[in-house]
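Each number in our numbering corresponds to the 1-based position in the sequence shown with 14 added.
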Amino acid sequence: MFTQTNKSIEKNPIKMKTLRHSNIPIFLPQLACPHQCIFCNQNHISSQNDVPTPHEAHSIIERNLATIPKNYDIQIAFFGGSFTCLPLETQKAYLQVAQPFIKSKQVSSIRISTRPDYIDDDILRMLKRYHVTDIELGAQSTNNTVLKLSGRGHDRNAIQKASEQINAHGFQLGLQMMLGLPGDTFQTALQTAHDIIAFGAKTTRIYPTLVVADTPLAKLYEQGKYTPLTLSQAVAWTTEIYTLFVKNNITVLKVGLHPNKDFTSNKYLLAGPFHQSFKELALSNIWYERLKLLMQENCTNQSITIFVPENELHNAVGYNSQNRNELLKKYKNVTFCTDSALQDYEFTYCNN
Ligand code: SF4
Numbered sequence: 015m016f017t018q019t020n021k022s023i024e025k026n027p028i029k030m031k032t033l034r035h036s037n038i039p040i041f042l043p044q045l046a047c048p049h050q051c052i053f054c055n056q057n058h059i060s061s062q063n064d065v066p067t068p069h070e071a072h073s074i075i076e077r078n079l080a081t082i083p084k085n086y087d088i089q090i091a092f093f094g095g096s097f098t099c100l101p102l103e104t105q106k107a108y109l110q111v112a113q114p115f116i117k118s119k120q121v122s123s124i125r126i127s128t129r130p131d132y133i134d135d136d137i138l139r140m141l142k143r144y145h146v147t148d149i150e151l152g153a154q155s156t157n158n159t160v161l162k163l164s165g166r167g168h169d170r171n172a173i174q175k176a177s178e179q180i181n182a183h184g185f186q187l188g189l190q191m192m193l194g195l196p197g198d199t200f201q202t203a204l205q206t207a208h209d210i211i212a213f214g215a216k217t218t219r220i221y222p223t224l225v226v227a228d229t230p231l232a233k234l235y236e237q238g239k240y241t242p243l244t245l246s247q248a249v250a251w252t253t254e255i256y257t258l259f260v261k262n263n264i265t266v267l268k269v270g271l272h273p274n275k276d277f278t279s280n281k282y283l284l285a286g287p288f289h290q291s292f293k294e295l296a297l298s299n300i301w302y303e304r305l306k307l308l309m310q311e312n313c314t315n316q317s318i319t320i321f322v323p324e325n326e327l328h329n330a331v332g333y334n335s336q337n338r339n340e341l342l343k344k345y346k347n348v349t350f351c352t353d354s355a356l357q358d359y360e361f362t363y364c365n366n
């Protein structure tokens with residue numbers, strides 16, 4: 015018998031770009047950041063203690079440009095520190111380095127990351143003059159208790175106000191969030207995601223909290239006053255929140271940290287839901303939730319063929335084929351195929 019059932023899920027018109035995109039990252043670890051968020055030690059995460067000078071930033075851009083194909087949309091990205099906390103002249107010195115590359119059209123624009131409480135109209139006007147188009151704020155949470163316990167030094171209002179100003183000046187807003195900070199629960203994390211959507215962000219990054227050596231959070235962890243999320247909790251929270259962002263057309267630029275070798279060899283990572291393939295685990299779990307109904311069938315004499323969007327085949331089969339293996343407990347044979355008519359998390363299937 016052949017049946018085909020459309021299990022169509024919500025449509026999500028993901029933004030299509032004609033050009034492929036590449037960032038040239040210039041990492042300024044904790045440069046001039048006047049704060050100490052309890053989870054942060056950017057030197058350990060990046061293994062970079064030296065901050066590149068503007069002159070070195072120029073060399074980084076040239077080196078990267080030599081390796082990126084010509085038909086890419088290229089952005090210079092000042093990451094890692096809190097860019098707008100730098101003295102104005104230093105900000106301008108870095109931004110100035112990028113200008114010849116923008117003028118020659120080798121690079122289209124600049125993105126920066128910073129804190130919500132270091133944004134004002136003068137700064138935004140200056141950034142605009144230097145062709146900055148994208149501003150990412152480390153929001154981390156919109157819950158005031160979580161922000162306070164995490165030593166962020168700003169509250170929810172600061173995130174909302176900065177977001178409004180950034181949007182009013184016509185920048186593309188990104189709001190990054192963390193999961194499992196002290197005081198965070200699934201409900202507060204979900205509320206943060208809803209706020210990120212409501213504040214008009216176009217992009218986000220989701221980082222489960224890790225306990226990094228030489229941070230105040232490490233001390234709390236060692237004293238038994240902080241318990242990180244387990245890997246399965248972090249994957250479950252991410253699954254829900256990622257799906258919410260996709261439904262609301264927010265581009266998720268990154269899920270989980272991709273730190274250096276020293277970090278992952280446990281030299282600096284003390285505890286927390288770290289996995290080299292964290293994003294894959296989360297995206298595979300989204301499909302596990304989608305396919306769960308089929309896994310509850312008992313069709314040991316039947317085969318099943320599941321059609322999924324081309325770009326979701328890998329996630330649908332699952333990390334290490336875990337979704338396919340679950341289905342194989344209930345079906346004689348399981349085949350995944352692609353169907354270009356399907357989008358996002360739509361799938362169809364047939365039994366035979
Ligand atoms: S504001 Fe950013 S760079 Fe500064 S301590 Fe906090 S997380 Fe680290």
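We put the CB at the ideal spot given by N, CA and C, even for glycine.
Is there at least one non-hydrogen atom of the ligand SF4 closer than 7 angstroms to the beta-carbon of Gly105? Checking the displayed sequence, the identity of residue 105 turns out to be Gln instead of Gly. Because no heavy atom of the ligand SF4 lies under 7 angstroms away, the Cβ of Gln105 does not count as near it: no.
Could you check if Arg304 belongs to the surroundings of the ligand SF4, using beta carbon to heavy atom distance under 7 angstroms? The nearest non-hydrogen atom of the ligand SF4 is 7 angstroms or more from the C-beta of Arg304.
Go through its chain and collect everything with a Cβ distance to Gly270's Cβ below 6 angstroms, but skip five positions before and after it. Only residues of its own chain outside the window of five on either side were considered, and among them Phe292, Lys293 have a CB closer than 6 angstroms to the CB of Gly270, listed in chain order.
N-terminal and C-terminal residue of the beta strand (DSSP E) that Arg219 is part of: 217-222 is the span of the beta strand (DSSP E), which, as asked, contains Arg219.
Look at the alpha carbon of Thr199 and the alpha carbon of Glu76, and state the distance between them as a whole number of angstroms. If you draw a straight line from the Cα of Thr199 to the Cα of Glu76, it is about 44 angstroms long.
Cutting at 6 angstroms between CB atoms, please list the residues of its own chain near Phe288, excluding the five before and the five after it. The answer, listed in chain order, is Leu224.
State buried or exposed for Pro114, treating a residue as buried only when at least 16 other CB atoms are found within 10 Å of its CB. With fewer than 16 other Cβ atoms within 10 Å, it is exposed.
Does the beta-carbon of Asn334 have 16 or more other beta-carbons within 10 angstroms, so that it is buried, or is it exposed? Exposure of Asn334 is indicated by the presence of fewer than 16 other C-beta atoms within 10 angstroms of its C-beta.
Supposed contact pair Pro39 and Ala91 - C-beta distance, whole angstroms, cut 8 angstroms: So it is a contact: roughly 5 angstroms between Cβ atoms.
Ends of the beta strand (DSSP E) at Leu187? Counting along the chain, the beta strand (DSSP E) containing Leu187 begins and ends at 186-193.
In the DSSP assignment, find the alpha helix (DSSP H) that holds Phe292 and state where it starts and stops. Note, Phe292: alpha helix (DSSP H), 292-309.
beta-carbon Arg125 near the ligand SF4 non-hydrogen atom, thresh 7 angstroms: Outside the cutoff, so no.
What do you reckon, is the C-beta of His168 under 7 angstroms from a heavy atom of the ligand SF4? Because no heavy atom of the ligand SF4 lies under 7 angstroms away, the Cβ of His168 does not count as near it: no.
For the beta strand (DSSP E) containing Leu341, list its first residue and its last residue. Note, Leu341: premise wrong, no beta strand (DSSP E); alpha helix (DSSP H) at 336-342.
Paired residues, beta bridge with Ala285 - DSSP: DSSP output for Ala285 lists Val225 as bridge partner(s).
Helix, strand or coil at Lys269 according to DSSP, with G and I counted as helix: Checking the sequence shown, residue 269 turns out to be Val, not Lys. Reduced to three states, the DSSP call for Val269 is strand.
Arg34 - partner residues in DSSP beta bridges: Arg34 is bridged to Tyr86.
Less than 8 angstroms between the CB atoms is what I'm expecting for Gly220 and Thr257, so what's the real figure, rounded? Reading the sequence as shown, one finds Ile at residue 220 and not Gly. In fact, because the Cβ distance is near 11 angstroms, the residues do not count as touching under 8 angstroms.
How would you call Ala212, buried or exposed, if buried means at least 16 neighbouring beta carbons within 10 angstroms? Its Cβ having fewer than 16 others within 10 Å, Ala212 is exposed.
Are the CB atoms of Ile126 and Leu149 within a distance shorter than 8 angstroms? Correcting the residue identity first, residue 149 is Ile in this sequence and not Leu. Cβ distance < 8 angstroms, so Ile149 and Ile126 count as in contact.
Which of helix, strand or coil does DSSP assign to Ser22? In this prediction, Ser22 scores a pLDDT of 36, lower than 50, which makes its location untrustworthy; no coordinate-derived value is stated.
If I measure Cβ to Cβ from Ile74 and keep anything under 8 angstroms in the same chain, skipping five residues before and after, which residues do I get? Within the same chain, Cβ atoms closer than 8 angstroms to the Cβ of Ile74 are found at Ile38, Ile40, Pro66, the five residues on either side in sequence being excluded.
Hey, is the stretch 120-138 in contact with the stretch 155-165, meaning 3+ C-beta pairs nearer than 8 angstroms? Touching, no.
Three-way DSSP call (helix, strand, coil) for Arg166 in this model: Arg166: coil per DSSP, three-state reduction.
Buried or exposed for Cys313, going by 16 or more other Cβ atoms inside 10 Å? Under this definition Cys313 is an exposed residue.
Segment contact flag, the stretch 99-111 with the stretch 161-180, C-beta cutoff 8 angstroms, min 3 pairs: In short, these stretches do not touch, since the Cβ pair count stays below three.
Measuring straight from C-alpha to C-alpha, what distance separates Gln105 and Ala215? For Gln105 and Ala215, the distance between alpha carbons rounds to 24 angstroms.
Beta bridge counterpart(s) of Leu151 as assigned by DSSP: Looking at the DSSP assignment, Leu151 forms a beta bridge with Thr128, Leu189.
Skipping 5 residues on each side, what residues in its chain have a beta carbon closer than 8 angstroms to that of Tyr86? Result list for Tyr86: Leu33, Arg34, His35, Ser36, in chain order.
Beta-carbon proximity of Gly194 to Leu243, cut-off 8 angstroms: Less than 8 angstroms divides the Cβ of Gly194 from the Cβ of Leu243.
Compute the Euclidean distance between the alpha carbons of Val226 and Ala207, then round it to the nearest angstrom. Rounded to the nearest angstrom, the two C-alpha atoms are 24 angstroms apart.
Are Leu8 and Glu236 touching if we call contact CB-CB under 8 angstroms? Because the chain is modelled from 15 through 366, residue 8 falls outside the range shown and cannot be assessed.
Tell me, please, which residues DSSP counts as bridged to Val160. Paired residues: none, contrary to the question.
According to the neighbour-count rule (16 or more other Cβ atoms, all chains shown, within 10 Å of its Cβ), is Glu324 buried or exposed? By the neighbour-count rule (16 or more Cβ atoms within 10 Å), Glu324 is not buried but exposed.
What is the DSSP secondary structure of Val331, counted as helix, strand or coil? DSSP places Val331 in helix when its eight states are reduced to three.
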